[in-house]
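**Student:** Protein chains in written order, with my numbering: chain R, 14 to 240; chain G, 14 to 240; chain D, 14 to 240; chain S, 14 to 240. Beta carbons: idealized from backbone N, C-alpha and C, even for Gly. Please find one structure pasted underneath; my questions will follow.
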DNA sequence: GATGAATGAGTCTTCATTCAT
DNA sequence: TATGAATGAAGACTCATTCAT
């Protein structure tokens with residue numbers, strides 16, 4: 014009974030705080046909530062496979078009710094989209110900063126490879142989660158994913174271009190080379206995730222760099238491949 | 014009584030013989046049906062994402078009823094396992110033949126890369142389908158998948174070893190290099206599938222080879238990377 | 014091929030044997046088959062719960078095909094009805110013989126109790142199986158079951174009547190007493206089946222007889238119960 | 014920042030308090046719903062045999078949707094387990110009170126017999142339903158059922174022991190005698206259910222008592238049965 | 001008559017989403 | 001706005017029964 018009274022007060026308090034001052038405070042609240050839900054998604058993915066990522070579990074992990082999720086995200090897809098964006102945005106930013114960093118192109122690429130290969134498993138789960146997000150490849154999912162990939166490829170290609178212009182790199186189609194490099198780290202991550210390999214990302218990165226930089230052929234020089 | 018005796022004899026004979034002959038025919042039929050269902054799975058995957066691969070849809074695509082599927086496969090997992098095996102087995106065999114083919118190691122690797130990059134999208138879908146098969150990575154799914162991956166990596170590593178011994182290849186850990194190459198083609202395929210790239214597999218293969226063989230660095234020679 | 018030829022011969026042979034002489038031989042065949050299927054049902058119930066008694070399993074246990082079952086029984090219910098009849102008929106007959114045997118009424122009842130309590134578990138399963146037979150209490154199932162029960166009760170009541178007339182038994186409504194006795198052994202069997210008791214049927218029978226014959230009250234004499 | 018702090022506090026408070034109070038109401042609702050679903054199960058069993066007791070039908074009988082059932086019971090087995098417990102618990106309690114009631118042992122047993130024989134048919138159906146619940150005798154079902162039976166047998170045996178000590182009852186193994194009495198009433202109920210007998214439970218109880226107390230044999234005294 | 005592949009209704013269960021409070 | 005009970009559309013799987021050979 015006493016409790017009930019307090020609740021009413023809190024409610025009205027919240028009502029006042031939340032609705033009277035519409036702008037910043039409300040937005041702050043919404044932002045906090047969204048991030049909280051983000052964390053909840055990541056949390057759930059730590060202990061459940063993507064196909065077991067249910068709204069119920071997310072709500073529970075976030076300490077809110079299922080219905081609340083729908084006040085912040087129209088549906089499951091939007092939630093996941095948001096989480097993915099939130100998760101990869103910092104990585105993208107770091108990558109884009111890397112382009113202009115004061116390192117040699119080789120060092121930059123190595124940094125990227127290390128970064129990518131050290132993404133924790135959760136990120137691999139996220140990749141799968143987004144792929145499975147109900148409706149699947151809706152235009153929205155497709156578009157956002159493609160855009161993000163393009164930013165990665167573009168950043169890497171600019172590093173390669175830098176290498177070419179600086180004279181050290183072989184003249185190659187930088188975009189395609191970048192796409193290959195991205196594919197390589199994605200695939201390598203998938204393999205590691207699937208097979209539970211114990212190889213550290215450091216070891217894997219070393220391997221990658223050796224081949225990316227020098228190729229398989231000793232003294233690969235100007236010698237021609239097939240083409 | 015005498016009659017009964019005769020009858021029993023006939024009966025047992027009939028039991029044994031009647032089922033023996035239809036045997037070969039039955040097996041042929043079963044094989045045809047299984048392949049037909051395989052095709053149906055592939056067909057469904059052409060227009061649906063793996064999580065929408067339902068027994069219902071497979072049955073419909075195969076032009077049979079749901080129940081029929083269960084006359085050929087104990088459950089969904091077995092169906093998918095079968096399809097995956099059926100699909101990748103020929104590729105594996107071609108790869109393993111390739112190891113002993115009369116080509117240079119570089120040519121062999123290029124052949125593999127071309128082969129792998131020309132896999133239709135459906136194969137990528139299959140990879141995902143197997144990962145999602147109901148409970149996810151059941152022991153069986155995991156084991157078969159891991160085994161198959163191992164065969165691929167092993168075959169590629171033998172090609173690399175050959176290249177190293179023949180003197181042309183840089184001395185590297187062939188298993189790890191092979192795992193990287195496999196990862197690269199898997200990832201590249203994923204990217205192409207996701208982004209609907211129009212690049213032909215031939216172009217992609219050329220790119221791959223150039224970098225795999227010579228590396229990014231011109232005249233990469235014996236120069237050291239970081240390490 | 015040679016095999017195929019033999020089969021054709023056997024088939025035509027069977028065709029001749031079976032259809033030319035329509036009466037006895039055909040009936041004998043049918044009877045044998047039916048009994049064989051009966052055994053198969055019992056066999057299945059030894060290793061499966063009644064709800065797992067499928068036509069498939071019965072066919073397999075009988076070494077015939079599923080379709081064949083339907084040449085001898087219109088449907089599952091009829092099959093089970095037949096099995097139940099076949100199984101309990103001998104027991105009923107023994108019971109009815111017992112009525113006229115040269116034993117004291119007490120001995121006769123004890124014999125019945127021992128008989129009933131020593132029915133193997135399979136019989137308990139049969140009871141459940143018949144209760145679950147698809148349509149459940151169809152008029153047919155109901156009628157046959159009721160009739161059989163009535164024969165049991167009737168037989169026991171005649172034994173009791175004999176005891177009353179011979180002077181030893183208390184004057185009671187023999188039909189009701191008989192129904193109670195039957196209920197008691199059925200219930201006792203159910204309990205034993207459910208709880209996996211290890212008590213031998215001999216021990217159980219001793220217990221039963223002591224109470225049935227003398228009652229709980231020492232020197233129960235002519236003393237009145239409540240009524 | 015300050016704002017954020019306040020918000021967080023409100024939030025956590027709200028989280029805690031908002032769910033506490035509805036708590037009692039929620040629990041009340043849950044209890045009501047569960048009982049409602051219980052009734053629905055009973056209702057279904059009045060017109061369907063246990064094997065036709067489907068979640069669908071229960072939901073329909075309760076006037077809710079199928080999915081709702083799963084908000085209150087994890088699965089069918091739990092639902093049935095709950096119903097059985099709910100149904101038999103009061104009877105068990107009455108029985109256990111009876112043990113210490115101020116009646117003679119004979120009266121107590123008669124009370125129990127009357128109680129047991131007046132159980133509505135639905136209870137018999139429930140017994141069967143629990144036995145058939147999906148996988149059949151799962152450990153949980155088995156254990157709870159066995160425990161409940163044991164409580165009944167134990168209660169009756171204590172009554173018998175009382176009778177023996179008071180001097181009136183024949184010295185017998187009270188547990189076994191109790192098991193027999195329970196078996197007798199269970200079996201008698203089954204018979205009544207199956208055959209649709211119209212005998213009132215009062216008549217049946219009278220019959221039971223006469224035989225249980227005095228036995229079949231007039232003046233059964235200390236006379237020996239077989240053994 | 002024997003066969004067994006095909007059928008499809010029926011069962012349990014999950015989960016995204018809605019909506020009254 | 002938060003809540004969480006209710007919903008119902010799917011989905012995997014079973015099995016009695018049919019029917020072409």
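Let me make sure I understand the geometry here. Which of G/88, G/132, G/70 has the alpha-carbon closest to that of residue 217 of chain G?
**Tutor:** G/132
**Student:** Is there at least one Cβ from chain G nearer than 8 Å to residue 125 of chain R's Cβ?
**Tutor:** Taking Cβ atoms only, chain G never reaches closer than 8 Å to residue 125 of chain R, which makes this a no.
**Student:** Would you say the region 81-88 of chain D touches the region 63-72 of chain D, given that touching needs at least three Cβ pairs under 8 Å?
**Tutor:** Yes: the two stretches touch, three or more of their Cβ pairs being nearer than 8 Å.
**Student:** Let me see if you follow: with CB-CB separation under 8 Å, is residue 185 of chain R close to chain G or not?
**Tutor:** yes
**Student:** Count the CB pairs spanning the region 187-196 of chain G and the region 152-171 of chain G that are closer than 8 Å, and state whether there are at least three.
**Tutor:** yes
**Student:** Pick out the complete alpha helix (DSSP H) segments inside the region 137-196 of chain G, 4 residues or longer, and give them in chain order.
**Tutor:** Counting whole runs of 4 or more residues, the region 137-196 of chain G contains the alpha helix (DSSP H) stretches 152-178.
**Student:** With distance defined between alpha-carbon atoms, name the residue in D/198, D/122, D/142 nearest to residue 182 of chain D.
**Tutor:** D/122
**Student:** Against chain G, which members of the region 218-233 of chain R pass a CB distance test of less than 8 Å?
**Tutor:** 219, 220, 221, 222, 223, 224, 225, 226, 227, 228, 229, 230, 231, 232, 233
**Student:** Among R/67, R/175, R/117, which one has its Cα closest to the Cα of residue 53 of chain R?
**Tutor:** Taking residue 53 of chain R as reference, the option from R/67, R/175, R/117 with the minimal CA-CA separation is R/67.
**Student:** Between residue 157 of chain S and chain D, is any beta-carbon pair separated by less than 8 Å?
**Tutor:** no
**Student:** For residue 202 of chain G, count neighbouring C-beta atoms within 10 Å of its own C-beta (all shown protein chains included) and say buried if the count is 16 or more, exposed if not.
**Tutor:** buried
**Student:** May I ask you to list the residues that DSSP assigns as paired with residue 230 of chain G?
**Tutor:** Beta-bridge analysis with DSSP links residue 230 of chain G to R/182.
**Student:** Closer than 9 Å between beta carbons: that is the criterion. Which residues of the region 187-201 of chain S meet it against chain D?
**Tutor:** 189, 190, 192, 193, 194, 195, 196, 197, 198, 199, 200, 201
**Student:** Tell me which residue opens and which closes the alpha helix (DSSP H) that residue 60 of chain R is part of.
**Tutor:** 37-60
**Student:** So with CB distances below 9 Å, who are the chain G contacts of residue 173 of chain R?
**Tutor:** Chain G residues near residue 173 of chain R: 229.
**Student:** So residue 88 of chain D is in the alpha helix (DSSP H); what residue range does that whole segment cover?
**Tutor:** That residue, residue 88 of chain D, is in no alpha helix (DSSP H); it is neither H nor E in DSSP.
**Student:** Against chain D, does residue 56 of chain S count as a neighbour if the rule is that its beta carbon must be under 8 Å from one of theirs?
**Tutor:** no
**Student:** Alpha carbons only, please: which of S/62, S/139, S/63 is nearest the one belonging to residue 99 of chain S?
**Tutor:** S/139
**Student:** Does DSSP put residue 77 of chain S in a helix, in a strand, or in coil?
**Tutor:** coil
**Student:** Consider the Cβ of residue 101 of chain R: report whether some Cβ of chain G lies at a distance smaller than 8 Å.
**Tutor:** False, the Cβ-Cβ gap to chain G never drops below 8 Å.
**Student:** Considering only residues of the same chain and omitting the five flanking positions on each side of residue 34 of chain G, which have a CB-CB separation below 8 Å?
**Tutor:** Only weak support exists for where residue 34 of chain G lies, its pLDDT of 48 falling under 50; the value from the coordinates is given anyway. Correct list: empty, nothing qualifies.
**Student:** Please state the DSSP three-state secondary structure of residue 214 of chain D.
**Tutor:** helix
**Student:** Can you tell which of D/204, D/222, D/176 has the C-alpha that lies nearest to the C-alpha of residue 159 of chain S?
**Tutor:** D/204
**Student:** Starting from residue 204 of chain S, find everything on chain D with Cβ-Cβ shorter than 8 Å and list it in chain order.
**Tutor:** 162, 192, 195, 196, 199
**Student:** Do you know how far the Cα of residue 161 of chain S is from the Cα of residue 102 of chain D?
**Tutor:** 35 Å
**Student:** Shortest alpha-carbon distance to residue 60 of chain D belongs to which of D/214, D/135, D/179?
**Tutor:** D/135
**Student:** In whole angstroms, what separates the C-alpha of residue 93 of chain R from that of residue 198 of chain G?
**Tutor:** 27 Å
**Student:** Whole angstroms are fine: how far does the CA of residue 57 of chain R sit from the CA of residue 194 of chain R?
**Tutor:** 30 Å
**Student:** What does residue 181 of chain R reach in chain G if we use C-beta pairs closer than 7 Å?
**Tutor:** Near residue 181 of chain R (Cβ distances below 7 Å), the residues of chain G are 230, 231.
**Student:** List, in order along the chain, the chain R residues whose C-beta lies closer than 7 Å to that of residue 176 of chain G?
**Tutor:** 229
**Student:** Sort G/96, G/108, G/177 by Cα distance to residue 2 of chain R and report the nearest one.
**Tutor:** Because chain R spans 14 through 240 in this model, residue 2 of chain R falls outside it and cannot be assessed.
**Student:** Under a three-way DSSP split, which group does residue 133 of chain R fall into?
**Tutor:** Three-state DSSP puts residue 133 of chain R in coil, outside helix and strand.
**Student:** Look up residue 114 of chain G in the DSSP assignment and say whether it is helix, strand or coil.
**Tutor:** coil
**Student:** CA-CA distance, residue 124 of chain S and residue 200 of chain S?
**Tutor:** Rounded to whole angstroms, residue 124 of chain S to residue 200 of chain S spans 18 Å at the Cα level.
**Student:** Apart from the five residues on each side of it in sequence, which residues of its chain come closer than 7 Å, Cβ to Cβ, to residue 172 of chain S?
**Tutor:** 112, 118, 121, 122, listed in sequence order.
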